[in-house]
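Colleague: As numbered in the working numbering, residues 381 to 641 make up the sequence shown, in order. I'd like to ask you about the structure that follows.
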Amino acid sequence: MAGCGELAANVPGGAVNEIYSYPDNQNVACAAADEFVRLANEAIADRGRFSVALAGGSTPKELYHLLTTEDYRDELDWAQVYLFWSDERNVPPDHHDSNYGIVRYALLEYVAIPEANVHRMRGENAPLEAATEYHDQLDRFFQPAQAGLPIFDLVLLGMGSDGHTASLFPDDPTLQEAQRWVVAVEHTRPPPPLVTRLTLTLPVINAARNVIFLVTGESKAEAVRRIFDSGERLPAGMVRPEQGRLVWMLDEAAAAGLPAD
Ligand code: 6PG
381 MAGCGELAAN VPGGAVNEIY SYPDNQNVAC AAADEFVRLA NEAIADRGRF
431 SVALAGGSTP KELYHLLTTE DYRDELDWAQ VYLFWSDERN VPPDHHDSNY
481 GIVRYALLEY VAIPEANVHR MRGENAPLEA ATEYHDQLDR FFQPAQAGLP
531 IFDLVLLGMG SDGHTASLFP DDPTLQEAQR WVVAVEHTRP PPPLVTRLTL
581 TLPVINAARN VIFLVTGESK AEAVRRIFDS GERLPAGMVR PEQGRLVWML
631 DEAAAAGLPA D
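See the structure below:
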């Protein structure tokens with residue numbers, strides 16, 4: 381597997397376990413692909429399967445592409461990989477705004493993952509129906525015992541320039557959701573697309589064994605600063621796994637918002 385650029389020192393403070401800065405998005409994707417394969421093989425060895433909730437948006441596209449290349453494609457057993465989504469737009473799967481659609485064309489068409497392992501949110505259905513249906517998919521797959529929550533091996537997340545993550549937006553009541561695992565979110569103000577969303581809630585995200593943020597571009601630096609320097613409670617900053625590991629992978633442009641050492 382390719383070497384992926386330099387790692388920054390950890391930034392002190394709070395629940396963030398690991399913050400890494402890389403020269404550019406390509407290096408971020410490369411490091412994320414290395415970690416994806418490592419975590420997958422660890423989970424498959426320990427539990428016989430790897431469950432991952434994929435991030436939407438454009439940043440992870442390069443990661444999804446890298447996983448289809450010969451450096452990575454054959455490094456894991458895709459038959460033991462189970463894909464979910466952190467969030468989805470309330471659109472059909474073939475719509476240009478579909479997060480499932482991004483993964484389908486960047487990854488699913490190139491790796492031997494059984495269709496039954498792909499658990500997409502039914503964005504084509506009415507929001508409440510789709511949220512309930514996805515809860516049922518999670519319940520069937522994880523059959524949560526102890527904490528009563530689905531426990532993903534990995535949740536991949538991006539962050540908007542406003543500090544949103546998945547489809548958890550600033551000042552939205554869904555940030556306080558403590559019971560439901562999946563909720564529908566009316567989204568009527570920027571950033572686009574201004575469509576209803578479906579999203580995993582913070583209790584589910586924070587139950588994960590590993591959460592990795594992929595954040596690149598100077599447009600994200602201000603939100604990074606607001607979270608890590610000013611300590612604002614933006615949605616992305618509210619992701620603090622209870623037991624799991626929290627990793628931020630940034631390019632230098634986004635990392636410009638980190639506090640000076
Ligand atoms: C979505 C995503 C969202 C995304 C951020 C960053 O459905 O829009 O889940 O949370 O990760 O908006 O998007 P970019 O990677 O395109 O900047």
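C-beta atoms are modelled at their ideal positions from N, C-alpha and C, and glycine is treated no differently.
Let me make sure I understand the geometry here. Which of Val619, Glu468, Ile607 has the alpha-carbon closest to that of Ala635?
Modeller: The residue you call residue 635 lines up with position 255 of the sequence shown. Residue Ile607 is the option with its Cα nearest to Ala635.
Colleague: Could you check whether the Cβ of Arg469 sits closer than 7 Å to any heavy atom belonging to the ligand 6PG?
Modeller: Taking the first residue of the sequence shown as 1, we reach residue 469 at position 89. For the ligand 6PG, at least one heavy atom lies less than 7 Å from the Cβ of Arg469.
Colleague: Can you tell me where the beta strand (DSSP E) holding Val461 begins and where it ends?
Modeller: Numbered from 1 along the sequence shown, position 81 holds the residue referred to as residue 461. Its beta strand (DSSP E) spans residues 461-465.
Colleague: Buried or exposed: which applies to Gly637, given that a residue is buried once 16 or more other Cβ atoms fall within 10 Å of its Cβ?
Modeller: Position 257 of the sequence shown holds residue 637. When all chains shown are included, Gly637 counts as buried.
Colleague: I think Gly503 touches Ser478, with their Cβ atoms under 8 Å apart; what is that distance to the nearest whole Å?
Modeller: Here residue 503 is taken as the residue at index 123 of the sequence shown, counted from 1. Here residue 478 is taken as the residue at index 98 of the sequence shown, counted from 1. With 8 Å as the limit, Gly503 and Ser478 qualify as a contact, their Cβ atoms being about 6 Å apart.
Colleague: Where Leu578 and Glu632 are concerned, what is the direct C-alpha to C-alpha distance, given to the nearest angstrom?
Modeller: The sequence position of residue 578 within the sequence shown is 198, counting from 1. The sequence position of residue 632 within the sequence shown is 252, counting from 1. Leu578 and Glu632: Cα-Cα distance of roughly 31 Å.
Colleague: With hydrogens ignored, establish whether the beta-carbon of Ser547 is closer than 7 Å to any heavy atom of the ligand MG.
Modeller: As presented, the structure is devoid of the ligand MG, carrying the ligand 6PG as its sole ligands.
Colleague: Alpha carbon to alpha carbon, what distance is there between Ile424 and Ala511?
Modeller: Here residue 511 refers to the residue found at position 131 of the sequence shown. Here residue 424 refers to the residue found at position 44 of the sequence shown. Whole-angstrom Cα-Cα distance: 28 Å.
Colleague: Spatial neighbours of Gly428 within its chain, please: C-beta separation below 8 Å, excluding the five flanking residues on both sides.
Modeller: One-based indexing of the sequence shown puts residue 428 at position 48. Result list for Gly428: Gln460, in chain order.
Colleague: Are Ala616 and Thr568 close, meaning C-beta to C-beta below 8 Å?
Modeller: As a first step, residue 616 is located in the sequence shown; it is residue number 236 there, counting from the start. As a first step, residue 568 is located in the sequence shown; it is residue number 188 there, counting from the start. No, these two residues do not count as a Cβ contact at 8 Å.
Colleague: Could you please give the first and the last residue of the uninterrupted beta strand (DSSP E) stretch that includes Leu434?
Modeller: Mapped onto the sequence shown, residue 434 falls at position 54. Where Leu434 is concerned, the enclosing beta strand (DSSP E) stretches over 430-434.
Colleague: With distances taken between CB atoms, is the gap from Met629 to Tyr452 smaller than 8 Å?
Modeller: One-based indexing of the sequence shown puts residue 629 at position 249. One-based indexing of the sequence shown puts residue 452 at position 72. Cβ atoms of Met629 and Tyr452: not closer than 8 Å.
Colleague: Tell me where the alpha helix (DSSP H) around Ile399 begins and ends.
Modeller: Residue numbering aside, residue 399 sits at position 19 when the sequence shown is read from its first letter. Counting along the chain, Ile399 falls outside any alpha helix (DSSP H), though it belongs to the beta strand (DSSP E) covering 398-402.
Colleague: Expressed to the nearest angstrom, what Euclidean distance is found between the alpha-carbon atoms of Leu508 and Ala412?
Modeller: Here residue 508 refers to the residue found at position 128 when the sequence shown is read from its first residue. Here residue 412 refers to the residue found at position 32 when the sequence shown is read from its first residue. In a straight line, the C-alpha of Leu508 is about 33 Å away from that of Ala412.
Colleague: Taking only three categories from DSSP, how would you classify Leu630?
Modeller: Here residue 630 corresponds to residue number 250 of the sequence shown, with the count starting at 1. Correct three-state label for Leu630: strand.
Colleague: Measuring from the CB of Met539, is there a heavy atom of the ligand 6PG at a distance below 7 Å?
Modeller: Within the sequence shown, numbered from 1, the residue matching residue 539 stands at position 159. Checking every heavy atom of the ligand 6PG against the Cβ of Met539, one is found closer than 7 Å.
Colleague: According to the Cβ coordinates, are Ser431 and Phe532 closer than 8 Å?
Modeller: Along the sequence shown, read from residue 1 onward, the residue named residue 431 stands at position 51. Along the sequence shown, read from residue 1 onward, the residue named residue 532 stands at position 152. Yes; because the gap between Cβ atoms is below 8 Å, this pair is in contact.
Colleague: Please look up how many angstroms separate the CB atoms of Met539 and Ala603, rounded, as I've assumed it's under 8 Å.
Modeller: On the sequence shown, residue 539 is found 159 positions in, with the first residue counted as 1. On the sequence shown, residue 603 is found 223 positions in, with the first residue counted as 1. With a Cβ gap of about 6 Å, Met539 and Ala603 count as contacting.
Colleague: Is it true that the CB of Val627 sits closer than 8 Å to the CB of Glu398?
Modeller: Along the sequence shown, read from residue 1 onward, the residue named residue 398 stands at position 18. Along the sequence shown, read from residue 1 onward, the residue named residue 627 stands at position 247. In contact: Glu398 and Val627 (Cβ atoms closer than 8 Å).
Colleague: Which same chain residues end up closer than 7 Å to Arg605 when comparing Cβ atoms and leaving out the 5 residues on each side of it in sequence?
Modeller: As a working mapping, residue 605 is identified with position 225 in the sequence shown. Contacts found: Gly637.
Colleague: Gly437: beta carbon under 7 Å from a heavy atom of the ligand 6PG?
Modeller: Position 57 of the sequence shown, counting from 1, holds the residue named residue 437. Under cutoff, so the answer is yes.
Colleague: Have a look at Val498, Leu614, Asn497 and flag the residue whose alpha-carbon is nearest the alpha-carbon of Asp552.
Modeller: What you label residue 552 is simply residue 172 of the sequence shown in a count that begins at 1. Of the listed residues, the one whose Cα sits closest to Asp552 is Leu614.
Colleague: Look at the Cβ atom of Thr554, then the Cβ atom of Val565, and state whether they are nearer than 8 Å.
Modeller: By 1-based counting over the sequence shown, the position of residue 554 is 174. By 1-based counting over the sequence shown, the position of residue 565 is 185. Taking 8 Å as the Cβ cut-off, Thr554 and Val565 qualify as a contacting pair.
Colleague: In three-state DSSP terms, what is Thr581?
Modeller: Locating residue 581 in the sequence shown gives position 201, counting from the first residue. Three-state result, Thr581: coil.
Colleague: Is it right to say Arg520 is buried, meaning 16 or more other beta carbons lie within 10 angstroms of its own, or is it exposed?
Modeller: The residue labelled residue 520 in the question sits at position 140 within the sequence shown. With fewer than 16 other Cβ atoms within 10 Å, it is exposed.
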